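Working notes for the structure below.
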Amino acid sequence: MRKILFVILLLVANVDALTQINSCSTLDIAGETYILTANITNSGTDNCITISADNITLNCQNHLIDGDDVAVNGIYASSVKNIEIINCYLSDWDTAGIFFDNVNYSEISNTEISSCPTAGIELDHSNYNTLSDLNLIDNDVGGIVLLGSNRNTLSDIYINGNNASDSVGIYIGFYDVGDYSNYNLVEDTTVMSNDYGVMIEDSHYNTLSNIIVRSNTIGVDFSYSRHNTLYNSQISHNSQQGIYIEGSNNSKIYFNIISDNGYGAVLSDHSTKNLIYNNLFNNTDDVNLVTSDINYWNVQPQRGTRIFTSGSLIGGNYWQSLSPTCPCGSDGFCYGEIDGSRGYIALEIGTNNVDNYPLCQYYPAMVGGTTTIPEIPELEVEPTPFEITITDDCKTELIYVTWTGKTMVNVILYPSASISKYFKGFPVSEIPLQPKKTVAIPLTACLPKDIIKIDGTLTFIVADFPEQKVVPTSIIRGKPLPKVICGDGICSEGETWWSCPEDCPFPYWYLLIIIIVGIAIYLITR
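Counting in this note's numbering, the sequence shown runs from 8 upward without gaps.
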């Protein structure tokens with residue numbers, strides 16, 4: 008009898024339990040949470056942890072998944088979605104510590120990856136993923152590699168010491184011709200001691216914000232790309248170039264400190280129409296032009312936060328070679344006598360490359376200089392917060408977006424990973440906005456019946472003006488489950504025969520199963 012009771016208790020105890028693993032495993036139960044309970048060391052198993060179903064969480068509980076430098080991939084996921092990987096340490100995997108192939112709407116967080124001969128993390132054809140709170144140290148070729156992957160968010164990441172020649176801290180590039188990595192966001196990240204700090208190659212509309220790129224050979228590399236943005240960042244102590252732009256167009260580089268590099272910026276191979284303004288340049292050589300194509304080194308004077316020195320207007324850049332000594336106009340730009348007359352002192356960088364409004368040091372000094380201040384356009388989003396209350400399986404609500412500028416722009420929409428998986432038919436390209444017009448964007452959300460509420464954010468960024476950003480809170484509410492009242496004569500979902508015998512009759516078939524199991528155990532052990 009005690010054996011029967013033990014079996015029954017064991018069955019009950021394992022209902023709703025987390026699945027524990029302590030060795031290389033395949034995680035194939037959709038919706039399950041797996042817990043790693045022990046270190047895995049010097050494994051020779053390719054794809055040690057394989058994730059092959061949707062909606063799986065892997066919590067390593069700060070245990071190690073270690074390879075032998077030959078086996079490929081510590082954690083491998085393919086053709087799945089809504090995966091969460093947290094609290095892991097990985098090392099010594101030949102291809103990648105974590106490899107995503109066609110994985111969408113997933114998260115990797117609070118994880119450290121080191122000493123992998125190729126890459127720490129690789130995403131191939133994987134979209135709408137969030138990578139956050141990561142350390143990637145001493146991986147030979149690359150820290151994080153994105154190939155043909157779009158609309159991923161990388162934040163709060165530290166990358167140091169990828170040692171091989173041509174190593175890259177973060178690589179955002181193409182998988183094949185025409186298969187680019189677009190609309191990715193990298194923010195609040197430090198990249199140090201690589202050959203290339205951050206490289207964007209044959210990929211477009213990516214944004215780098217508030218990153219520190221230091222002590223690499225080349226800091227930030229835009230190669231054969233267009234419409235990428237670097238702003239509010241520190242690019243310093245890179246031995247060759249702080250910023251290298253090769254065959255790239257329409258990049259936007261502003262509000263950065265670019266200092267103590269060999270060259271501050273190098274533009275080559277017909278790079279053109281790049282906009283570079285409101286940066287601080289203080290380098291051995293600030294700019295090396297290997298092109299005579301047109302690039303723009305200032306905006307028209309307008310209100311804004313200057314990268315250095317006081318004042319309320321922005322225009323060109325602060326040049327350590329000019330700005331501390333040039334006469335200063337009352338509007339904060341270099342202004343003085345030129346060829347017998349007074350006017351703004353432009354800095355000629357090269358053919359077709361001129362900074363017309365270099366920032367001056369000693370503002371204000373009333374020696375002349377007047378500017379016309381244009382209206383600053385803004386992005387407006389209503390309603391905020393944005394809520395969808397689902398009465399059936401799915402619900403569509405409209406969110407209204409307005410651009411107050413005078414030219415057409417495109418808006419990029421980044422949902423947080425917590426809510427992106429619940430949107431149906433989420434827009435995958437830019438949303439065009441006409442000047443001074445309001446666009447109604449339909450957003451359809453679907454929730455499983457057991458989820459009542461999901462909180463997150465929807466980040467709207469203007470493609471060519473990423474400082475114009477609106478981040479409204481988004482709330483998705485599901486249809487409430489029926490209220491359970493014991494004693495109402497209805498055996499509702501959530502009630503059982505032991506919690507509410509008044510409503511739910513005892514399942515005698517269950518007793519029959521227990522008797523059969525007991526007899527079987529008795530016959531086996533007699």
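No residue lacks a Cβ here, since even glycine has one placed at the ideal position from N, Cα and C.
Here the structure is a predicted model, which means the values were calculated and not measured.
Taking the continuous beta strand (DSSP E) assigned at PHE340, which residues delimit it?
First-last for PHE340: undefined, no H or E at that position.
query: Between which two residues does the beta strand (DSSP E) containing ILE105 stretch?
result: 103-111
Under a Cβ-count criterion, where at least 16 other Cβ atoms within 10 Å of its own Cβ denotes burial, should TYR251 be classed as buried or exposed? Only buried fits TYR251, as 16 or more other CB atoms lie within 10 angstroms of its CB.
Would you report the Cα separation of ASN363 and GLY336, rounded to the nearest angstrom?
-> Approximately 13 Å, taken between the alpha carbons.
Can you tell me which of VAL77, LEU153, THR409 and ASP147 puts its alpha carbon nearest to the alpha carbon of PHE107?
LEU153
Checklist entry - How would you label GLN248, buried or exposed, when you count the other beta carbons within 10 angstroms and need 16 or more for buried? => result buried
Discussion item. Distance cutoff 8 Å, beta carbons only. Does TYR178 sit that close to anything in chain C?
Written reply: The chain labelled as chain C is not found in the depicted structure, where only one protein chain is given.
*At what residue ranges does the stretch 408-456 contain a whole run of the alpha helix (DSSP H), taking only runs of 4 or more?*
424-427
Fill in: Delimiting residues of the beta strand (DSSP E) encompassing CYS67
For CYS67, the enclosing beta strand (DSSP E) has its first and last residue at 64-74.
LEU329 by DSSP, collapsed to three states: which one?
-> LEU329: coil per DSSP, three-state reduction.
Minimum C-alpha distance to LEU34 - residue among VAL87, GLY51, ILE47 and ASN69: VAL87
Report yes or no: do the stretch 401-408 and the stretch 135-152 share at least 3 C-beta pairs separated by less than 8 Å? no
Can you tell me whether TYR342 is buried or exposed, with buried defined as 16 or more other CB within 10 angstroms of its CB?
Buried, because 16 or more other Cβ atoms sit within 10 Å of the Cβ of TYR342.
For this session: Could you pull the start and end residues of the beta strand (DSSP E) that SER59 belongs to?
Result: Unbroken run through SER59: none, as it is neither H nor E.
Open item on the list: So THR236 and LYS259 are supposed to be a Cβ contact under 8 Å. How far apart are they, rounded?
Closed with: 5 Å
Do LEU366 and GLY323 come within 8 Å of each other at the CB atom, strictly closer than that value? yes
query = Going by the CB atoms, is the gap between ILE115 and LEU143 shorter than 8 Å?
reply = Inclusion of LEU143 and ILE115 in the CB contact set at 8 Å is not warranted, their separation being larger than that value.
Under a three-way DSSP split, which group does GLY525 fall into?
helix
Using the three-state DSSP reduction, which class does LEU519 fall into: helix, strand or coil?
helix
>> Quick check for students: name the residue ranges of the beta strand (DSSP E) that lie wholly in the stretch 281-317, counting only runs of 3 or more.
In response: 282-284, 287-289 and 292-297
Notebook entry, point to check: Of all the options ASN54, ILE264, ASN257 and ASP346, which has the alpha carbon lying nearest to the alpha carbon of ILE242?
Noted result: ILE264
| message | Only counting the same chain, and skipping five residues up and downstream in sequence, which positions put a Cβ closer than 6 Å to that of ILE179? | response | Result list for ILE179: LEU153, SER188, ASN191, ILE207, SER210 and ASN213, in chain order.
- Relative to the C-alpha of ILE36, which residue among GLN327, THR26 and VAL77 is closest? THR26
Cα separation between ASP76 and CYS123?
7 Å
- Query: Roughly how many angstroms separate the alpha carbons of CYS333 and ASN289, rounded to a whole number?
  - Reply: One C-alpha to the other measures close to 16 Å.
By alpha-carbon positions, which one of SER156, ALA353 and GLY74 ends up nearest to GLY51? GLY74
Which residues does DSSP pair with HIS211 in a beta bridge? ARG233
Need the endpoints of the beta strand (DSSP E) that ALA84 sits in, please. 82-88
Check: Apart from the five residues on each side of it in sequence, which residues of its chain come closer than 8 Å, Cβ to Cβ, to ILE301?
Finding: THR279, LYS280, ASN359 and ASN360
- request: Indicate the three-state DSSP secondary structure (helix, strand or coil) for ILE531 in the structure shown.
  value: helix
Exercise. Cβ of ASP101 within 8 Å of Cβ of ALA78?
Worked result: In this structure, ALA78 lies closer than 8 Å to ASP101 by Cβ.
Please report the distance separating the alpha-carbon of LEU519 from that of TYR529.
15 Å
>> For GLU509, count the other beta carbons within 10 Å of its own beta carbon; 16 or more makes it buried, fewer makes it exposed. Which is it?
In response: exposed
Would ASN46 be called buried (16 or more neighbouring beta carbons within 10 Å of its own) or exposed?
So ASN46 counts as exposed.
message = Could you give the first and the last residue of the continuous beta strand (DSSP E) run that contains VAL273?
response = 270-275
Alpha carbon to alpha carbon, how far is GLY267 from ASN66?
The displayed chain sequence assigns Asp, not Gly, to residue 267. Distance between the alpha carbons of ASP267 and ASN66: 42 Å.
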